[in-house]
Amino acid sequence: MTTPTAPLGARPVCRIGYGALQLERLHDRRDEAVVLLRRAVELGVDHVDTAEFYGFGFANDVIREALRPEDDVLVVTKVGADPNPGGHLPLRLAQRPEQLRASVEDNLRSLGVDRLAVVNLRRLDTGPGLRPEGDQIIDLDDQLAVMTALRDEGKIGEIGLSSVTLDGLRRALPAGVVCVQNAYSLVSRDDEDLLRLCAAEGIAWVPFFPLGGAFPGLPKATDEPAVHAVAESLDVTPSQVGLAWLLHHSPNVLLIPGTADLAHLEANVAVGEITLDAATLATLDGIRSRSNDVPIG
């Protein structure tokens, strides 16, 4: 199965990748996790998104076992948080420069590589999730300084940003940013100006929570009657419609939907074959956008 491609930094990747967060659901079925990732590669996935704090290192371990050099898969990881086993939340903030460096080293070890192709600096300035407090409130310039130093040392290939504001991206552009990961979906389009800036600068837009509904009370694309009507007319699922809208909305969008289920994986990859005509896009564009900028923790 083939899907269209778009640039992520120095190389083109299939516009539908795989987010490894859900691999932790297979923690007690490691063989199934490996099979799932191998199937993703067979389906043409060549962009996998991960982090050391996904499953307390389990996702990275599976990626190290499942992926082979000849697969030529671009593995993108992130720093800014660390695993927190036994905590109220499964991760703790790690925003300080020395913590960012340590997190890069942790990802290098768990992935078994000498260089991380792309590393996203996860800021906490926008979107649903934690907000920094105390010594975790760090100026972006200080963080970019250590990220660019790691790049100069050859430990990082390229730098991305996550949960960043429009002003933050503008400040970071001189450092060379290849992708932005923010919470964004059909029903939560707060970052339209940020998306447009990314498109103009050739920066990949990699939305997380691409169907919304990350936390209770937040809007979900699959709850929209118009989404269900389009899905019925095309004989696809509402989730596929929500993902297909993202691909049609801007050419620099790359998707990283996650799943622990083989059938769901195949349905996600099949989104690349869905065509939405102008009338359908107009119907979906007319759905009201609601903010998802909700702190938790």
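So the sequence shown is numbered by our numbering: it starts at 315 and just counts up by one. Even glycine gets a Cβ: it sits at the ideal position worked out from N, Cα and C.
9 Å Cβ cutoff met for residue i and residue j
i    : j    : result
T440 : D360 : no
L568 : W519 : yes
L590 : V541 : no
P524 : L560 : yes
V498 : F522 : This sequence places Tyr at residue 498; Val is not what is there. The answer is yes: Cβ separation under 9 Å.
F598 : V544 : The identity of residue 598 in the sequence shown is Leu, whereas the question assumes Phe. Contact: yes.
L322 : L388 : yes
F367 : D342 : no
L576 : R339 : no
V501 : A535 : yes
V393 : T364 : no
L508 : V492 : no
G526 : N582 : no
R616 : L454 : Since the first residue shown for the chain is 315 and the last is 611, residue 616 is missing from the structure and cannot be characterised.
D385 : V355 : yes
Own chain, CB closer than 7 Å to residue i, minus 5 neighbours either side, in chain order
i    : result
N398 : P404, L405, R406
E515 : L487
L595 : H562
V460 : P411, L414, R415
R468 : According to the sequence provided, residue 468 is Gly. The question's Arg does not apply to it. Contacts found: R429.
F370 : P397, P399
G600 : none
A558 : V585, I588, L590
E346 : L340
S553 : L525, T536
P318 : R329, G586
Residue-chain proximity (residue i, chain B), Cβ-Cβ < 9 Å
i    : result
L322 : Here chain B cannot be found, since the structure has a single protein chain.
Host alpha helix (DSSP H) of residue i (start-end)
i    : result
E472 : Unbroken run through E472 is the beta strand (DSSP E), 470 to 476; no alpha helix (DSSP H).
V501 : Here V501 belongs to no alpha helix (DSSP H), and DSSP marks it neither H nor E.
V544 : 539 to 548
N434 : Where N434 is concerned, there is no enclosing alpha helix (DSSP H), although the beta strand (DSSP E) it sits in stretches over 430 to 436.
L458 : 454 to 466
P411 : 411 to 425
V376 : 372 to 380
V583 : 576 to 584
G331 : Run containing G331: none; DSSP gives neither H nor E here.
R482 : Residue identity check: residue 482 is Gly in the sequence provided, not Arg. 480 to 486 is the extent of the alpha helix (DSSP H) around G482.
T597 : 592 to 599
Sequence-distant residues of its chain with Cβ nearer than 8 Å to residue i (five each side left out)
i    : result
P446 : L407, Q409, L438, I452
P565 : A320, A513
D456 : P411
Q336 : G572, T573, A574
T551 : A545, A581
V348 : V376, E379, A380
A373 : A334, L335, L337, E338, T364, A365
Cβ-based neighbour list, residue i, same chain, cut-off 6 Å, excluding 5 preceding and 5 following
i    : result
R378 : L425, G426
A489 : L458, T462
T316 : Note that T316 scores 49 on pLDDT, short of 50, meaning its location in the model is unreliable; the coordinates nonetheless yield the value given after this. Taken in chain order, the residues that qualify are G358.
Q450 : L407, Q409
Nearest-angstrom beta carbon gap, residue j and residue i [assumed within contact, 8 Å]
i    : j    : result
L430 : G471 : 7 Å
Y332 : I570 : 6 Å
L464 : V418 : 6 Å
Residue range of the unbroken beta strand (DSSP E) whose run includes residue i
i    : result
L388 : 388 to 393
D507 : Careful: D507 lies outside any beta strand (DSSP E), inside the alpha helix (DSSP H) at 506 to 515.
N566 : Careful: N566 lies outside any beta strand (DSSP E) and carries neither H nor E.
H341 : No beta strand (DSSP E) holds H341; DSSP gives it neither H nor E.
A320 : 319 to 322
L405 : 405 to 407
H361 : 361 to 363
V327 : 325 to 328
Touch check for the region 464 to 480 and the region 434 to 448: three-plus C-beta pairs under 8 Å? yes
Below 8 Å, can you find three or more Cβ-Cβ pairs linking the region 317 to 333 to the region 353 to 368? yes
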